[in-house]
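This report concerns only the one structure given below.
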Amino acid sequence: MRFGVLTGGGDCPGLNPAIRAVVRRAAAGGHATVGFLDGWKGVRDNLARPLVSQDVVGLEGRGGTILGTSRTNPFARDEEARKVVATLERHRVDVLIAIGGDDTLAAARELHRRGKGVVGVPKTMDNDVRGTDWTFGFHSAVAVAVDALERLRDTAASHHRAVVLEVMGRDAGWVALATGLAAGADATLVPEEPYDETAFLGRVRRAIEARGCALVVASEGVDLGLKRGSAGSKDGFGHEILAQRGVGADLAQRIQKETGAETRSAQIGHIQRGGAPEIFDRILASRLGAAAVDLALAGKVGQVAVLRGTEVTGIPFDEALGGTRTVSPDWLDLLHTFDA
Ligand code: F6P
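What follows is the structure, encoded as structure tokens:
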């Protein structure tokens, strides 16, 4: 069998170990793999390279993706979709393994509907793919955010300030939630809950009264009433590219104005997506990459390799793509146990 592999959408730690797992599992069964560069763009434009075991040495702990990525939507126009099919035929790919988030997996499903063998592997630092309990990239991103918040705690305590850390998470607040829980934030704001300024400022005031400083973590997707500006363009899937100045800076201004506490904000942005994957992500990515090959070899194309509890299994694309997996009420309940 000949496998194709691509990584699409925003990068995250774990992509390289997943590629390594695909190549090694395929090679172990005597199967060849071709890598497509820059996500769906590489399949559309025939940008490819063979991948043998030697090419993936050392990828278990390396950040980024050796294949590159993009937010190209290959089904935006019929003519492009035809090119995708032609490239796969040119390389005699039997099964394409698409590693990505919702948009990449939706394109993979579309390709499967057009009669091609495709298996999906979910990834995203946002942890918001519906069919899987965890996505790789998430724990690594949270580790970076926790480190940032703990550093901010030191400087906030020294200066008796409030600090706001803005983390990624447009529609789902998993990164903010996990960061707030693990680093002991006084207030954590996620897009799943309406912004309540009175309650929020109350938490900040109580923390300052109790300890002389306050720690806030907020998802970039929190709606403060003033919509975050657009940078003026959209990606291939139609998502607005957000302006650099975000909710963290707005929240800091509000805290300072309403409480009088000197306040600073920090936005760690893409720092969360770089660096070596955490051990959990290395192992999860390895399991899912290998499972994707196994699914293909078992004839189970049109499926996504996912984590359910402690088991890795395959589920149909439709089940994995039933909308964004947002933070559930039980997690919010736990989070608010620790509010100031
Ligand atoms: O991968 C999802 C995500 O991390 C979002 O949380 C964020 O809004 C977006 O990517 C930003 O991506 P980029 O700036 O790379 O297009």
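Be aware that the sequence shown starts at 105, since it is given in our numbering, and climbs by one per residue.
Glycine included, every Cβ here is placed at the ideal spot set by N, Cα and C.
Rounding to the nearest angstrom, what Cα-Cα distance links residue i and residue j in this structure?
i           : j           : result
residue 144 : residue 308 : 45 angstroms
residue 290 : residue 316 : 12 angstroms
residue 155 : residue 225 : 18 angstroms
residue 362 : residue 356 : 10 angstroms
residue 350 : residue 195 : 44 angstroms
residue 158 : residue 364 : 59 angstroms
residue 128 : residue 160 : 8 angstroms
residue 216 : residue 297 : 36 angstroms
residue 134 : residue 418 : 22 angstroms
residue 339 : residue 174 : 9 angstroms
residue 295 : residue 282 : 14 angstroms
residue 244 : residue 223 : 24 angstroms
residue 247 : residue 404 : 35 angstroms
residue 395 : residue 266 : 46 angstroms
residue 274 : residue 373 : 12 angstroms
residue 369 : residue 252 : 11 angstroms
Is the beta carbon of residue i less than 7 angstroms from the beta carbon of residue j?
i           : j           : result
residue 205 : residue 113 : yes
residue 63  : residue 269 : For the chain, the structure presents residues 105 to 444; residue 63 sits outside this window and is missing.
residue 323 : residue 260 : no
residue 209 : residue 111 : no
residue 106 : residue 207 : no
residue 421 : residue 213 : yes
residue 240 : residue 388 : yes
residue 376 : residue 272 : yes
residue 278 : residue 431 : yes
residue 203 : residue 314 : no
residue 254 : residue 303 : no
residue 176 : residue 120 : no
residue 328 : residue 299 : yes
What residues match up with residue i in a beta bridge as DSSP calls it?
i           : result
residue 153 : 139
residue 415 : 412
residue 227 : 240
residue 319 : 267
residue 221 : 199
residue 420 : 407
residue 129 : DSSP output for residue 129 lists no bridge partner at all.
Considering only C-alpha positions, which residue in the set the options is nearest to residue i?
i           : options            : result
residue 191 : 139, 135, 434, 161 : 139
residue 438 : 141, 161, 292, 184 : 292
residue 193 : 172, 221, 180      : 221
residue 285 : 319, 359, 302      : 319
residue 408 : 200, 137, 186, 218 : 200
Does the distance between the C-beta of residue i and the nearest non-hydrogen atom of ligand 3 fall short of 6 angstroms?
i           : result
residue 307 : Summarising the ligand content, the structure contains ligand 1 and does not contain ligand 3.
Exercise for review: Let me know the beta strand (DSSP E) ranges lying completely inside the segment 328-380, each 3 residues or longer, listed in chain order.
Suggested key: 334-338, 344-346, 367-371
Practice item. May I have a chain-ordered list of the alpha helix (DSSP H) segments no shorter than 4 residues that lie completely inside the segment 226-303? Key: 242-263, 278-287
Exercise for review: List in chain order: all unbroken beta strand (DSSP E) runs of 3+ residues lying wholly within the segment 145-216.
Suggested key: Annotation: the segment 145-216 contains the following complete segments of the beta strand (DSSP E) (minimum length 3 residues), in chain order: 152-155, 199-204.
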